[in-house]
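> So the numbering used here is basically just the index in the sequence shown, starting at one, shifted up by 7.
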Amino acid sequence: MIRVAVCGALGKMGKEVCNAIEESDKTELVAKIDIAGSGTYQSIEDAHRVCDIDVLVDFTQPKSIFENAKYCLNNGIKIVIGTTGLKDDEIEYLKKLSKEQNTSCLIAPNFSTGAVLMMMFAKQAAKYFDNAEIIELHHNQKKDAPSGTAIKTALMMAEAKDSFTKGNCPEVETIEGSRGGKSYADIHIHSVRMPGYIASQEVIFGSSGQIFKIRHDSMDRKCYMQGVMLAVKHVYENNDFIYGLESIL
Ligand SMILES: NC(=O)c1ccc[n+]([C@@H]2O[C@H](COP(=O)([O-])OP(=O)(O)OC[C@H]3O[C@@H](n4cnc5c(N)ncnc54)[C@H](O)[C@@H]3O)[C@@H](O)[C@H]2O)c1
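#1: Are the CB atoms of Asp41 and Ala16 within a distance shorter than 7 Å?
#2: Measure how close the beta-carbons of Ser207 and Asp224 come, nearest whole angstrom, since I'm counting them as under 8 Å.
#3: Could you tell me how far apart the beta carbons of Glu143 and Pro153 are, in whole angstroms, since I believe they sit closer than 8 Å?
#4: If the criterion is Cβ atoms closer than 7 Å, does the pair Val293 and Lys39 meet it?
#5: Please go through the region 70 to 144 and give each complete beta strand (DSSP E) segment of 3 or more residues, from N-terminal end onward.
#6: Quick one: Cα of His241 to Cα of Lys149, how far?
#7: Can you give me the Cβ contacts of Glu180 inside the same chain, cut-off strictly under 7 Å, excluding the 5 residues immediately before and after it?
#8: May I ask which residues mark the beginning and end of the beta strand (DSSP E) holding Gln208?
#9: Mind checking whether the beta-carbon of Asp41 lies closer than 6 Å to any heavy atom of ligand 2?
#10: Does the region 26 to 40 come close enough to the region 77 to 97 that 3 or more CB-CB pairs lie under 8 Å?
In structure tokens form, the structure reads like this:
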């Protein structure tokens, strides 16, 4: 049995992960950690003092994740990171730390298999289109923007070319932010925050005379659990650093 701790256990994702860990006959839920409530450990340190933890799954918040990940890697706890908002230099730091400590770290901006396929297809399509933009749509309690999935999609598309704004005329924004945020390879990302959505993303490609769209919608947070469980198994059985679920699919 893989002994798993869930950090952010009282959150929307954390609750689903706790259920999935408890339902599987390959994993055992040894600690629920959350700063918000009673009946949980308040910190990873508190849980680690009394529990043997093989793998910690973190779905907390952008401002906590870097410290949480460093604590785990420095203390021999393998970590699966679902929390978004890590900066590029922080990811690089965790990659180095994971190698130094010979302790697995898997970061996935999106654990939904459909969303990962969307990213892979967007990467393929990027070769054939000179213009592309991304719209990501999430519930209005999401703290970071743009989403980690949108950033990762842009990064994967940017392998195909340097700019996706071919032929665009010089632009003037009469309302600041109208064109969204400019990310890798000049790919504009537009973030919508609204109750009703869980997580959706559309990648729009354009060329003379045609528009090609790839869209994914998460209807229920259960869609992430297959990916989370694969990640838990992977980090338990290996000692490596992985960024993106596609690397283990
Ligand atoms: N990778 C993915 O597939 C995926 C999918 C959905 C959400 N997310 C990300 O996961 C994170 C959590 O999302 P959510 O919707 O469950 O949020 P949420 O606000 O519902 O839950 C977060 C929980 O973490 C707890 N928490 C915050 N800081 C903590 C800390 N330092 N230690 C312990 N507990 C802490 C909070 O009390 C809360 O219960 C966000 O960053 C979100 O963007 C990732």
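For each residue, glycine too, the CB sits at the ideal point set by N, CA and C.
Inspection of the coordinates gives the following:
#1: yes
#2: 5 Å
#3: 6 Å
#4: Because residue 293 is not part of the residues shown, which for the chain are 8 to 256, the question remains open.
#5: 85 to 88, 112 to 114
#6: 28 Å
#7: Arg186
#8: 206 to 214
#9: This structure lacks ligand 2; the ligands present are ligand 1.
#10: no
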